[in-house]
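Report on the following structure.
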Amino acid sequence: NLNDGSNLISITTGKIKVEIDKNTSLMKVIDLEKNTVAFEEVEPVLFDKGKVTVILKENPNEYFYGGGVQNGRFSHKGKAINIVNENSWTDGGVASPAPFYWSTNGYGMMWYTFKPGKYDFGADEKGKVKLTHDSPYLDLFYMVSDGAVGVLNDFYQLTGNPVLLPKFGFYQGHLNAYNRDY
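Position one of the sequence shown corresponds to residue 4 (the numbering used here), numbered consecutively onward.
Here you go:
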């Protein structure tokens, strides 16, 4: 259902409502099943030379997870993470980044890019989630679902299911993890 009001454009499905403010171009996504705001932009998307930044609202009780293999980090609230392969298996290093994160607010975001990025979850400015990639274009997928399992299942709709190794494949997991000769 599309509604073109005087100041607001809204697109509504059975589960979500997307609102775009005509004056500010800010987007808000509402989860209709929980009657809550899943996420909302607090500043317009910034297209700079070779760089794009999206700024969302960070809620006080909201926590963030993901970003690939972020060694030594689990919850990213109040922190910034690099979405770049640093080839570092030490504490604080990034060994295998993924331009995807999910929030306890019931949404996830995947940025379709292989370019380096940085996701700041309130480290620089409390109350704001700043997502940046060194890319000349914006190509995002937002997923709204109830909880981590739902968001991850939506993510797998885009990427395919993760590989499930046979039991005998788990033992040699760190065969080369400590090789520093590269």
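C-beta atoms are modelled at their ideal positions from N, C-alpha and C, and glycine is treated no differently.
Quick check on residue i: does DSSP put it in helix, strand or coil?
i	result
residue 137	coil
residue 56	strand
residue 85	strand
residue 171	helix
residue 45	strand
residue 152	helix
residue 162	helix
residue 123	strand
residue 157	helix
residue 102	strand
residue 114	strand
residue 10	coil
residue 61	coil
residue 22	strand
residue 142	coil
residue 77	coil
For residue i versus residue j, is the C-beta spacing smaller than 8 Å?
i	j	result
residue 122	residue 146	no
residue 97	residue 87	yes
residue 11	residue 25	yes
residue 60	residue 124	no
residue 80	residue 137	no
residue 75	residue 95	yes
residue 158	residue 113	yes
Using the C-alpha atoms, what's the distance from residue j back to residue i?
i	j	result
residue 63	residue 171	43 Å
residue 103	residue 69	6 Å
residue 116	residue 142	8 Å
residue 30	residue 19	13 Å
residue 144	residue 105	12 Å
residue 130	residue 92	30 Å
residue 152	residue 14	25 Å
residue 155	residue 51	31 Å
residue 161	residue 128	31 Å
residue 39	residue 149	11 Å
residue 7	residue 101	36 Å
residue 47	residue 167	40 Å
residue 21	residue 140	21 Å
Here's the rule I'm using: 16 or more other beta-carbon atoms within 10 Å means buried, otherwise exposed. How should residue i be labelled?
i	result
residue 67	buried
residue 44	buried
residue 108	buried
residue 169	exposed
residue 28	exposed
residue 165	exposed
residue 9	exposed
Please report the Cβ distance between residue i and residue j, rounded to the nearest whole angstrom; I am assuming they are in contact, meaning their Cβ atoms lie under 8 Å.
i	j	result
residue 134	residue 57	5 Å
Measuring only between beta-carbons, confirm whether residue i sits less than 8 Å from chain C.
i	result
residue 13	Included in the structure is just one protein chain, with no chain C present.
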